[in-house]
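Residues -23 to -1, 1 to 439 (mature numbering (1 follows the signal peptide of the UniProt record, and there is no 0)) are what the sequence shown spells out, left to right.
A virtual CB, placed ideally from N, CA and C, is assigned to each residue, including glycine.
First the structure, in the form of structure tokens, and then the observations on it.
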Amino acid sequence: MLKSGFAVLSGLLLVFLVPDALGNTYPARVGLNFMYRLDRETYTAILKPDNTGAVDPIVYTPTLKGHPGLPDWLHFIQRNSTTDGYMYGTPTKEDLGPVNIEIVAFNKNTFETNITTLTINVEDNDPLPFQVQFMVENKNVEEFFHGDTRTRFLRDVRRVWQQNRGDLYITKVVSALDMGHRNPLPLPELYEGVYIHVGSERGYSAQLQQAAGQVAVCELNPGIRPVVSIDSSIRNFDMNWCMFKLFEPEETATPAPLAPGAGVMGGVYVPRELTDTGRDFTLYFILIIIIPCIILIVLLLLLTYIMCGRRQGVQKRDQATPAIQLTHHASIREASKELRDLSQKRDIKPRSTLPMFNAASPHRGDEGTPLTRAPQEPADETPRAPPPYRLPPDFPNQEESSFINSPPRDNSRGNVSQPGGSSNASPSLQRRPPPFMRSGEQIQGRNQPGDRGRPVVREFTA
């Protein structure tokens, strides 16, 4: 029961609040601005609002029926899902006839979808000969269409144009982004801007012509804000007067269509014949292959001459170098080679211990005889037995005490040997050879338990 009642209520709302769903036609005239508002509250009542009382987010998608987008002259804008949507544009004579627009409304909370159809009938009309361009900086397109903003703007323009109420029309509304302006930052005090064209069948007033002369200074000094006399007459709108422009009647007149003929797409297009003649790549081969190869060969020959043809040679270098310097250089190279050989074979006898030059002729003889190493016998590397050990002569009846108990030497002159072989020193002071040079040594005494710290006296017999 509740569902049927809600369906009846939705049908009544669809009939009274959304008349476009019944196939009603909206007129649009050539050369004048057309605007249709998609009311959010109306579609919210149809798409089953939730019980929270919050505003339902609704997204609109208008398209040309049977096509993915809108006609070229029609534009759509919706700032976000909680604001109204606006379709606007200015048709031309090429857009005459009915246009069926299909609008899909989607409720993001309830996931409900509603599809309605709107018919726009474009009627023929002569363009207005006199048009003025204004640029409003403190408005966006949807803000200009919202409420009575358009009515207040036309009232202010009518004041400076000195026109009656029914003689002034808005012919074109374009976002500043579509005219090449930069997208502003997403801040509340920044706007995109709107270009507005206002037209009439009557000529321009003296105030508009005076304003056109005052804004001519912008062409000489870009970026400045000129002082315009009609600025105070247009209230609540921040105008960019450098974009103010008066169009001549010739600029607004619709050009006559061209008759089909030569150079016009309306005639018959005859494509040119395709030929089978091939391209000649001889010039490209010479420029890409032959010339770089020739340059490379010339550079290679020049580098070869510089590196190899201009060397003085070893013989010429040796003739210009002193002999002693060559000898020193040869000795350094030989010593370096010897060190390298020693690092590989440790058992090689180093040649650096041999005499460098001939003892008989250590100096250089004539100019053609360099200094050379003296000839040496080849080294015999066969291992040999050591020579037999010989004992020193023995001195009988003499005892040798330890070095600690040896009497001190008398270094006086009386103990020094006299010439003739005689010596005044006593035989007991003459030292015998050390024990390791004697054979059959016998230790006569050993330390007793009570003899700790006393020196040991050893006697040796031959």
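Limits of the alpha helix (DSSP H) - the one that residue i falls within
i	result
histidine 282	Histidine is not the amino acid found at residue 282; the sequence shown has tyrosine there. Where tyrosine 282 is concerned, there is no enclosing alpha helix (DSSP H), given that its DSSP letter is neither H nor E.
glutamate 71	Counting along the chain, glutamate 71 falls outside any alpha helix (DSSP H), and DSSP gives it neither H nor E.
arginine 294	291 to 297
valine 194	194 to 197
Residues that DSSP places opposite residue i in a beta bridge
i	result
alanine 82	Tyr37, Asn91
leucine 223	Val109
tyrosine 3	Ile97
leucine 251	Paired residue(s): none; leucine 251 is not in a bridge.
tyrosine 65	Met12, His52
methionine 216	Val113
Under the three-state DSSP convention, the category residue i falls into
i	result
isoleucine 268	helix
phenylalanine 258	coil
alanine 337	Summary for alanine 337: the model assigns pLDDT 46, below 50, so the residue's position carries little reliability; its value from the coordinates is reported in the next sentence. Note: alanine 337 maps to coil in three-state DSSP.
threonine 148	strand
glutamate 100	strand
alanine 188	helix
valine 76	strand
threonine 60	coil
leucine 276	helix
residue 449	Here the chain has residues from -23 to 439 only, and residue 449 is not among them.
leucine 154	helix
isoleucine 23	helix
threonine 128	helix
glutamate 166	coil
isoleucine 263	helix
alanine 183	helix
leucine 235	Model confidence at leucine 235 stands at a pLDDT of 47, short of 50, so the residue's coordinates are unreliable and nothing is read from them.
glutamine 139	coil
arginine 361	coil
Extent of the continuous beta strand (DSSP E) run through residue i
i	result
histidine 123	No beta strand (DSSP E) contains histidine 123, which DSSP labels as neither H nor E.
tyrosine 13	11 to 15
glutamine 110	107 to 113
leucine 319	First-last for leucine 319: 300 to 321, but that is the alpha helix (DSSP H), not the beta strand (DSSP E).
valine 171	171 to 177
For residue j and residue i, believed in contact at Cβ under 8 angstroms, the rounded distance
i	j	result
asparagine 115	tyrosine 168	6 angstroms
lysine 42	isoleucine 78	7 angstroms
phenylalanine 122	tyrosine 65	7 angstroms
phenylalanine 111	methionine 216	6 angstroms
tyrosine 37	isoleucine 92	Rounded, the Cβ-Cβ distance is 11 angstroms, inconsistent with contact.
arginine 136	serine 210	5 angstroms
phenylalanine 130	phenylalanine 214	6 angstroms
valine 134	glycine 170	Not really, about 17 angstroms apart at Cβ, beyond 8 angstroms.
leucine 164	threonine 87	About 33 angstroms; that fails the 8 angstroms criterion.
Nonlocal neighbours in the same chain, by C-beta distance under 8 angstroms from residue i, ignoring five residues either side
i	result
arginine 159	none
cysteine 195	Ile201, Pro203, Trp218, Cys219
lysine 314	none
residue 503	Residue 503 is absent from the structure shown; the chain starts at -23 and stops at 439.
threonine 298	none
threonine 148	Gly8, Leu9, Asn10, Thr67, Pro104, Leu105, Gln108, His174, Val175, Gly176
aspartate 208	Met216, Trp218
glycine 180	Phe107
lysine 85	Asp33, Pro34, Ile35, Val36, Ser58
Residues near residue i by beta carbon distance below 7 angstroms, same chain, minus five either side
i	result
valine 99	Ala5, Val7, Pro68, Asp72, Leu73, Gly74, Val76
tryptophan 138	Leu145, Ser177, Ser182, Leu185
tryptophan 50	Gly66, Thr67, Pro68, Thr69, Asp72
aspartate 295	Leu303
alanine 188	Val205, Ser206, Ile207, Phe221
arginine 212	Asp133
aspartate 16	Asp61
Heavy atom of the ligand NAP within 7 angstroms of residue i beta-carbon
i	result
isoleucine 267	In terms of ligand content, the structure shown is empty, and the ligand NAP therefore cannot be addressed.
Contact set for residue i: own chain, Cβ-Cβ below 6 angstroms, skip 5 residues either direction
i	result
threonine 59	Val32, Pro34
arginine 14	Asp61, Tyr63
proline 363	none
glutamine 191	Pro203, Val205
Residue i at chain B interface by Cβ criterion, 8 angstroms
i	result
leucine 154	Reference to chain B is not applicable here, since this structure consists of a single protein chain.
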